[in-house]
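Chains as they are written, first to last, in this note's numbering: chain A, 24 to 138; chain B, 36 to 147.
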């Protein structure tokens, strides 16, 4: 069965500091991995995804994530935090089998950015 | 850019009442989903829908829940007799052939 673990339900950084949000997954077959962001009172917006190919993927708003199979990780990073990055971030995994591809989400990490 | 829309944004109902949550997926998408997020908890899969039938459902999706695509544009989630524990944010999502699911803004359901 697939599962996702996000370490740290709350992360606080200073503006301009590195953002690192951790995600580990469990999957018996090669996964597809996603990061979604949820701003207050809004829906889930796709930040980036890994399906196949290059293991370092770049997304919107300067975020990137690296798929590390050996570590079963897909950590999200951004070199320099901005106040507007304050939101909740969800890591998700799915199994692409030509099927219906439900997403399995982690518990989320709330990112706070302070001046 | 096309987007998934959901109505209403907030629904308040009495326990035992029926509610219908509405979604308009992106027009050329083929796969449709409902998820829910109880306050403070993770987003959970409820059901997927393809080719006018349920393709997968979670154990949360019991006989009180149903989904329908009544026309070419709407996708609805019905809860027949709401319980207090149904209070949550309900998200609709849709996908075409590629892997990415696009989510709507959600409907906050409050059961009193």
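Every residue gets a Cβ at the ideal spot worked out from N, C-alpha and C, and that includes glycine.
**Prompt:** Is residue 48 of chain A near residue 95 of chain A, with beta carbons less than 8 angstroms apart?
**Reply:** yes
**Message:** Could you pull the DSSP bridge partners for residue 130 of chain B from this structure?
**Reply:** B:66
**Asked** Counting only runs that start and end within the stretch 84-131 of chain B, where is the beta strand (DSSP E) found for 3 or more residues in a row?
**Response** 88-92, 100-103, 110-114, 123-130
**Asked** For residue 110 of chain A and chain B, any beta-carbon pair shorter than 8 angstroms?
**Response** no
**Item:** Inter-stretch contact (C-beta, 8 angstroms, three-pair minimum) for the stretch 109-129 of chain B and the stretch 54-64 of chain A
**Value:** no
**Message:** Strictly by DSSP, which residues pair up with residue 117 of chain A?
**Reply:** A:55
**Asked** What do you get for residue 106 of chain B, buried or exposed, if any count of 16 or more other CB atoms within 10 angstroms of its CB means buried?
**Response** exposed
**Asked** Hey, would you say residue 44 of chain A sits closer than 8 angstroms to residue 98 of chain A, going by beta carbons?
**Response** yes
**Message:** Which residue wins for smallest C-alpha separation from residue 107 of chain A, given the options A:30, A:37, A:32?
**Reply:** A:37
**Item:** Beta-carbon gap between residue 60 of chain A and residue 132 of chain A smaller than 8 angstroms
**Value:** no
**Asked** How would you list, in chain order, the residues of chain B whose beta-carbon sits under 7 angstroms from the beta-carbon of residue 25 of chain A?
**Response** Here the premise fails: no neighbours, minimum Cβ distance about 11 angstroms.
**Prompt:** Got a sec: which bits of the stretch 69-92 of chain A sit with their beta carbon under 7 angstroms from any beta carbon on chain B, in order along the chain?
**Reply:** 69, 72, 74
**Item:** Nearest to residue 114 of chain B (by Cα), restricted to the options B:108, B:98, B:129
**Value:** B:98
**Exposed unless 16 or more other CB atoms sit within 10 angstroms - verdict on residue 32 of chain B** = Outside the displayed span of chain B (36 to 147) sits residue 32 of chain B, for which this structure offers no information.
**Message:** Beta carbons nearer than 9 angstroms to chain A: which residues of the stretch 98-110 of chain B have them?
**Reply:** none
**Asked** With a CB to CB cut of under 6 angstroms and the five nearest residues on each side skipped, what residues in its chain are close to residue 56 of chain B?
**Response** 112, 125, 142
**Request:** Count the other C-beta atoms from every protein chain shown that fall within 10 angstroms of the C-beta of residue 76 of chain B, then say buried if there are 16 or more, exposed otherwise.
**Result:** exposed
**Message:** For residue 58 of chain B, tell me which candidate among B:47, B:95, B:137 has the shortest Cα-Cα distance.
**Reply:** B:137
**Prompt:** Over what stretch of residues does the beta strand (DSSP E) that includes residue 47 of chain A continue unbroken?
**Reply:** 42-49
**Message:** Quick check on residue 67 of chain A - is its C-beta less than 8 angstroms from some C-beta in chain B?
**Reply:** yes
**Prompt:** Under 8 angstroms between the Cβ atoms of residue 83 of chain B and residue 90 of chain B?
**Reply:** yes
**Message:** Below 9 angstroms on C-beta distance, what does residue 113 of chain A contact in chain B?
**Reply:** 77, 78
**Message:** For a contact defined as C-beta to C-beta under 7 angstroms, what are the partners of residue 135 of chain B on chain A?
**Reply:** 69, 72
**Request:** Please report how far the alpha carbon of residue 43 of chain B lies from the alpha carbon of residue 130 of chain A, in whole angstroms.
**Result:** 25 angstroms
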